[in-house]
Amino acid sequence: MQITCKNCGQTYSGHFCNNCGQPAATHKLNLHFIWHDIQHGFFHFDKGVLYTAKELFTRPGDSIRDFVEGKRVKHFKPISLVIILATSYGLLRHLFHFSVLDKKALSSFKGVSSETANEWISHHYAWIILLSIPLFSLASYLVFKRQGYNFIEHLVLNAYVASQKLLLRIAIFPLTKFLNDTPAIKVLVDFLLVIEIGLMVWTYMTFFNNISRIKALLYALLSYVVFFIIFLVLLTLVVVLFGIKTQ
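Per UniProt numbering, the sequence shown runs over residues 1 to 247.
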């Protein structure tokens, strides 16, 4: 059956126009259309965010490798996902005045209060996460360079790893808020860090499947160490360049 596209006038057969990509079925604009548009267009819940979230906690490395190798229809795009999740988590931190910053550590920096630092982080959380992804990617690229993936593919890998961490933090936010300003919060934060490193290691081990699990494990841990060194070097440069004084 030949169909004339209502968007560009192209005659075609099938479910989508082969010229502009518009669906053949253009439903009447009603409440159902609005609800489906919210689900599909913004959050893409029908097969994007929820599918990707499930994959990141059941078969993370394999699903990310599928995306890198071209199986992308069901996945939510990595950078868009990070922006949505980081913005949501930053908003939660801001609305509930939640902070896991070490006040003692901050007190060593003159003129920097924990409240000011927390508000700044909350307002810029999406950018902080986005800027950390290239650092993780540089570390994994250097350590796993022989596996044949280019730097952009490492960016995709680490964008999904960042999303994985953010999904975890959002899921347990009620607990972290409940424990905020109690001695237990430090234990929870330390435990979260261990879990996040474990998730990253698991993801790397299953993504880089051309080497042994032991070798992938050691490389993943080395990658985190390399990231930490890069981060400390950059932090030192920021302190020196911007003249941040410590007591």
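All C-beta atoms, glycine included, are put in the ideal place defined by N, C-alpha and C.
Can you check DSSP and say which residues form a bridge with residue i?
i	result
TYR12	ILE3
PRO23	PHE16
Looking at the structure shown, is residue i part of a helix, part of a strand, or coil, going by DSSP?
i	result
PRO183	coil
LYS74	coil
ARG59	coil
ALA105	Here ALA105 scores only 46 on pLDDT, less than 50, and its place in the model is too uncertain to base an answer on.
ASN158	helix
GLU153	helix
ILE172	coil
PHE208	coil
GLY198	helix
GLN247	Low confidence applies here, because GLN247 scores a pLDDT of 48, under 50, leaving its location unreliable; read the following figure in that light. Here GLN247 sits in coil by DSSP.
How far does the alpha helix (DSSP H) with residue i in it reach, from first residue to last?
i	result
ARG146	No alpha helix (DSSP H) contains ARG146, which DSSP labels as neither H nor E.
HIS94	78-95
THR52	49-56
ILE230	213-241
May I have the straight-line CA-CA distance separating residue i from residue j, to the nearest angstrom?
i	j	result
ARG213	ILE185	34 Å
THR176	GLN10	55 Å
GLY70	ARG146	21 Å
LEU217	PHE207	11 Å
ILE170	LEU91	11 Å
TYR141	LEU192	25 Å
TYR149	ASN210	12 Å
LEU167	CYS5	40 Å
PHE144	TYR219	7 Å
ILE197	ASP66	22 Å
THR52	CYS17	27 Å
HIS15	ILE3	9 Å
residue 277	HIS75	Limits of the chain in this structure are 1 at one end and 247 at the other, which puts residue 277 out of reach.
LEU95	LYS215	43 Å
PHE178	SER80	29 Å
LEU241	TRP202	37 Å
VAL49	MET200	19 Å
TRP127	HIS32	35 Å
LYS77	PHE227	24 Å
ARG93	VAL68	32 Å
ALA25	ASN7	12 Å
VAL238	HIS97	26 Å
SER63	ARG72	10 Å
With a cut-off of 8 Å, does the C-beta of residue i fall near any C-beta of chain D?
i	result
LEU192	Among the chains of the structure shown, chain D does not appear; only one protein chain is present.
Check whether the segment 54-61 and the segment 11-22 are in contact - that is, three or more C-beta pairs closer than 8 Å. Touching, no.
Touch check for the segment 149-165 and the segment 131-141: three-plus C-beta pairs under 8 Å? The segment 149-165 is in contact with the segment 131-141.
Count Cβ pairs between the segment 232-241 and the segment 78-92 that sit closer than 8 Å; are there 3 or more? The answer is no - the segment 78-92 does not touch the segment 232-241, with fewer than three Cβ pairs under 8 Å.
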